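In our numbering, the protein residues as written are 1 to 330.
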């Protein structure tokens, strides 16, 4: 949801300034520090089993859900705001969704640290190194504008009790080992956006957040930025952790005795005291068309990590190949 905040000095509109932990009035230059972003109060962990009864629905303002008719993305906006452009596909064909739909509010936020200018610089440096990328792509007017948006992320804390078996090699012999250990999993992330989960490259960007730096949710940090509604619910998010959690816990099994590297690990895990945090996290997005095909680039708004799809030009390949051959004969 894009928050609207009026300046108490001149009545102008205040926006959140990435990296500053404050609001800035573009009319008179007034700055206001956002208390929640400078506090040392941690984000509350919520009980998973009681989520239906304890989850907050208070966004700090009247909220509405808006759906893009082209790509299906759902964003949350101030109820008084006129619908704008979809940050995922660039379409302006958006409409209000079911007004009765329940909109669970986040309990934590990672504010933008990367500015739009910095995001544009990161992109231009990155695209230079993309194999077969058209040479003039970085100068394309479509790519000189990135759109900031907060996207949903669930993190899970859970106590695990693990029983495992595996084998290792010692003195040219295969030996077997079994064991049991407890491990407290902390802030295991699950991206709750189907728009970004559908692309492995974009998902790499979304798994790079330092979630321990999250702050208690405040609508002021949304001033000037829309927020995507989660398209993967809390239960679905937890049910999706299986394979990634298994890989993580198998690595923990190998850490129980680092003198022996176990292979072929089989593991059974019990979970206790499951808790979650519902965070919204910052990302800069550019969706653009090239030869009638849609591409999306994403930049992590906290760390600056970038990835995405880019067009390939065989003309660029031919030119680089010709230069390589020419260099070989000089």
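Virtual Cβ for every residue (Gly too), placed ideally from N, Cα, C. Quick caveat, the model's predicted, so the values are computed rather than measured.
Kindly give me the distance between the Cβ atoms of residue i and residue j, rounded to whole angstroms, as I take these residues to be in contact under 8 angstroms.
{"i": "residue 296", "j": "residue 285", "result": "7 angstroms"}
{"i": "residue 211", "j": "residue 244", "result": "The Cβ separation is near 15 angstroms, so there is no contact."}
{"i": "residue 191", "j": "residue 206", "result": "4 angstroms"}
{"i": "residue 65", "j": "residue 103", "result": "6 angstroms"}
{"i": "residue 177", "j": "residue 262", "result": "6 angstroms"}
Between which two residues does the alpha helix (DSSP H) holding residue i run?
{"i": "residue 118", "result": "116 to 128"}
{"i": "residue 45", "result": "From DSSP, residue 45 is part of no alpha helix (DSSP H); its letter is neither H nor E."}
Closest by CA to residue i, which one among the options?
{"i": "residue 230", "options": "154, 31, 48 and 207", "result": "154"}
{"i": "residue 157", "options": "247, 23, 148 and 273", "result": "273"}
{"i": "residue 120", "options": "298, 309 and 245", "result": "298"}
{"i": "residue 150", "options": "291, 180, 282 and 206", "result": "282"}
{"i": "residue 106", "options": "216, 189, 275 and 200", "result": "216"}
{"i": "residue 17", "options": "66, 8, 118 and 49", "result": "118"}
{"i": "residue 46", "options": "311, 292, 227 and 276", "result": "276"}
{"i": "residue 292", "options": "302, 115 and 310", "result": "310"}
{"i": "residue 252", "options": "218, 161 and 170", "result": "161"}
{"i": "residue 19", "options": "193, 33, 7 and 203", "result": "33"}
{"i": "residue 159", "options": "48, 36 and 9", "result": "48"}
{"i": "residue 35", "options": "278, 259, 242 and 219", "result": "219"}
{"i": "residue 289", "options": "91, 68 and 67", "result": "91"}
Grab the span of the beta strand (DSSP E) containing residue i for me, first residue to last.
{"i": "residue 284", "result": "263 to 290"}
{"i": "residue 32", "result": "31 to 33"}
{"i": "residue 144", "result": "That residue, residue 144, is in no beta strand (DSSP E); it is neither H nor E in DSSP."}
{"i": "residue 25", "result": "22 to 25"}
{"i": "residue 70", "result": "Note, residue 70: premise wrong, no beta strand (DSSP E); not H, not E."}
{"i": "residue 104", "result": "Per DSSP, residue 104 belongs to no beta strand (DSSP E) and is neither H nor E."}
{"i": "residue 302", "result": "Note, residue 302: premise wrong, no beta strand (DSSP E); not H, not E."}
{"i": "residue 16", "result": "13 to 17"}
When you compare the CB positions of residue i and residue j, do they come within less than 7 angstroms of one another, or not?
{"i": "residue 214", "j": "residue 108", "result": "yes"}
{"i": "residue 264", "j": "residue 167", "result": "yes"}
{"i": "residue 287", "j": "residue 88", "result": "yes"}
{"i": "residue 223", "j": "residue 14", "result": "yes"}
{"i": "residue 332", "j": "residue 164", "result": "Residue 332 lies beyond the residue range present for the chain, which begins at 1 and ends at 330; the question has no answer from this structure."}
{"i": "residue 227", "j": "residue 76", "result": "yes"}
{"i": "residue 308", "j": "residue 201", "result": "yes"}
{"i": "residue 21", "j": "residue 38", "result": "yes"}
{"i": "residue 313", "j": "residue 132", "result": "yes"}
{"i": "residue 199", "j": "residue 300", "result": "no"}
{"i": "residue 110", "j": "residue 302", "result": "yes"}
{"i": "residue 234", "j": "residue 50", "result": "no"}
{"i": "residue 116", "j": "residue 146", "result": "yes"}
{"i": "residue 11", "j": "residue 25", "result": "no"}
So within the region 188 to 258, which uninterrupted alpha helix (DSSP H) runs reach at least 4 residues, ignoring any that extend past its ends?
The region 188 to 258 contains, as complete alpha helix (DSSP H) runs of 4+ residues, the segments 194 to 197, 200 to 206, 234 to 239 and 242 to 254 (chain order).
Any beta strand (DSSP E) of 3 or more consecutive residues that is wholly inside the region 144 to 174
Scanning the region 144 to 174 from its first residue to its last, the whole beta strand (DSSP E) runs of 3-plus residues come out as 147 to 170.
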